[in-house]
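Novice:
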Amino acid sequence: MRLTDMAPGMRLAKDVYDPNGNVLMRSGTVVTERLVKALRSWGIDEVTIEADAEDAASAMLDPKTAAEIRALLDQQFSLSNRDHPVIQALYGLCLERALGNR
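FYI, the numbering for the sequence shown is -17 to 84, going by the working numbering.
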């Protein structure tokens, strides 16, 4: 999720690393305004947020629209192994961008 789309109270789903591989933030860290500013100062543009937070953000949309977007993505990913981590990440990114662009 882009830093500009994050809201306080969300949780990081994965550790955040700097370009040298050093851990900046651990998964499970709760997002605060101060954290977002720190990430921005370190040059981090995007992080992975726990699914519950993403679902809460999508709930602000018309539920019918969000359901239609999910159904379309489910159809597009129907032949993919949805248990594979890369496919999960790609699906999540597609969903995030589709919901964010509405």
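Built from N, CA and C at the ideal position, the CB exists for glycine as well.
Quick check: ASP(-3) and ARG8, are their CB atoms within less than 8 angstroms of each other?
Specialist: Working through the sequence shown from its first residue, we reach residue -3 at position 15. Working through the sequence shown from its first residue, we reach residue 8 at position 26. Their beta carbons are under 8 angstroms apart, which means ASP(-3) touches ARG8 by this criterion.
Novice: Quick one: grab the DSSP three-state call for ARG91.
Specialist: This structure cannot settle anything about residue 91, because the visible part of the chain is limited to -17 through 84.
Novice: Reducing DSSP to helix, strand and coil, say where ILE26 ends up.
Specialist: As a working mapping, residue 26 is identified with position 44 in the sequence shown. The answer is coil: DSSP assigns ILE26 none of H, G, I, E or B.
Novice: In the DSSP assignment, find the beta strand (DSSP E) that holds LEU6 and state where it starts and stops.
Specialist: As a working mapping, residue 6 is identified with position 24 in the sequence shown. Run containing LEU6: 5 to 7, per the beta strand (DSSP E) assignment.
Novice: For SER60, collect the residues of the same chain with a Cβ closer than 7 angstroms to its Cβ; drop the 5 residues on either side in sequence, then sort them by chain order.
Specialist: For this step, residue 60 is matched to residue 78 along the sequence shown. Result list for SER60: empty, nothing under 7 angstroms.
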